[in-house]
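Report on the structure given below.
Numbering (my numbering), first residue to last: 14 to 193.
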């Protein structure tokens, strides 16, 4: 049976195989978890998941250890936890870094193995019952984190966000294709 919907949540819960279209063109075909964990491009990464994936445009630098930095300098991340060779050929080049909200945590609030950190100002705390959405600014960039319920700083407080480096997605700035 073929079922058509514009609701990605409905598609993920009802479908065994999903076809993601953009402008009438097939972007990716696969199981819901495959699309979520291994999107082929920035469009699929941003379409699947709620809240949507966070995207940061910046440059990869590498002199020994790889790092990522946004043009405004608001976010600078050491990428030492990435698999060797994954981004080496992009050193000096521009990429779009993607991270899902559940792969961002407030530093010190849980396990932080393989993380990179960035300072941010907390704008909004949105309790959802079993989880909390944090809306924060790091430099000129807005980020959403999905965290466990706990005591958190009030809006306006400076926090440190821990990025799970192994869960980062990298996309080509020009084509939007995922960098393997």
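The C-beta atom is built at its ideal place from N, Cα and C for all residues, glycine as well.
task = Give the range of the alpha helix (DSSP H) segment to which residue 57 is assigned.
result = Sequence index remark: in the chain shown, residue 57 carries index 44 (1-based). Counting along the chain, the alpha helix (DSSP H) containing residue 57 begins and ends at 55-60.
query = At what residues does the beta strand (DSSP E) containing residue 49 begin and finish?
reply = In the chain shown, residue 49 corresponds to position 36, counting from 1. No beta strand (DSSP E) holds residue 49; the alpha helix (DSSP H) holding it covers 45-50.
request  = Measure the alpha-carbon distance for residue 129 versus residue 143 and round it to whole angstroms.
outcome  = Your numbering for residue 129 matches position 116 in the chain shown. Your numbering for residue 143 matches position 130 in the chain shown. Near 26 Å, if we compare the C-alpha coordinates of residue 143 and residue 129.
inquiry  = Could you compute how far the alpha carbon of residue 50 sits from the alpha carbon of residue 169?
reply    = For the purposes of this step, residue 50 is taken as the residue at position 37 of the chain shown. For the purposes of this step, residue 169 is taken as the residue at position 156 of the chain shown. When rounded, the distance between both Cα atoms is 32 Å.
inquiry  = If contact is defined by three or more beta carbon pairs under 8 Å, each pair taking one atom from either stretch, is the stretch 152-167 in contact with the stretch 177-190?
reply    = no
key: Through-space distance from residue 189 to residue 40, alpha-carbon basis   = Here residue 40 is taken as the residue at index 27 of the chain shown, counted from 1. Here residue 189 is taken as the residue at index 176 of the chain shown, counted from 1. Straight across, the Cα-Cα distance linking residue 40 with residue 189 is about 11 Å.
task = Entirely within the stretch 78-153 and at least 3 residues each: give me those beta strand (DSSP E) ranges in chain order.
result = Counting only runs of 3 or more, we get 78-82, 89-91, 107-112, 117-119, 128-140, 145-151.
query = If we call anything under 8 Å between Cβ atoms a contact, is residue 151 one with residue 175?
reply = Within the chain shown, residue 151 is the residue found at index 138, counting from 1. Within the chain shown, residue 175 is the residue found at index 162, counting from 1. For the 8 Å CB-CB criterion, residue 151 and residue 175 do not form a contact.
key: 6 Å CB neighbourhood of residue 116 in its chain, flanking five on each side removed   = Counting from one through the chain shown, the residue named residue 116 turns up at place 103. Same-chain partners within the cutoff: 177, 180.
query = Any idea what DSSP makes of residue 24, helix, strand or coil?
reply = Locating residue 24 in the chain shown gives position 11, where the first residue counts as 1. In the structure shown, residue 24 sits in a helix (DSSP, three-state: H, G or I).
ask   = Below 8 Å between beta carbons: does that hold for residue 52 and residue 157?
value = Looking up residue 52 in the chain shown gives position 39. Looking up residue 157 in the chain shown gives position 144. No.
key: Check whether residue 138 and residue 145 have beta carbons under 8 Å apart   = Sequence index remark: in the chain shown, residue 138 carries index 125 (1-based). Sequence index remark: in the chain shown, residue 145 carries index 132 (1-based). Yes, Cβ-Cβ distance for residue 138 and residue 145 is below 8 Å.
query = Among 30, 70, 159, which residue has its Cα nearest to the Cα of residue 62?
reply = Taking the chain shown and counting its residues from 1, the one referred to as residue 62 is at position 49. Relative to residue 62, the option among 30, 70, 159 whose CA is nearest is 159.
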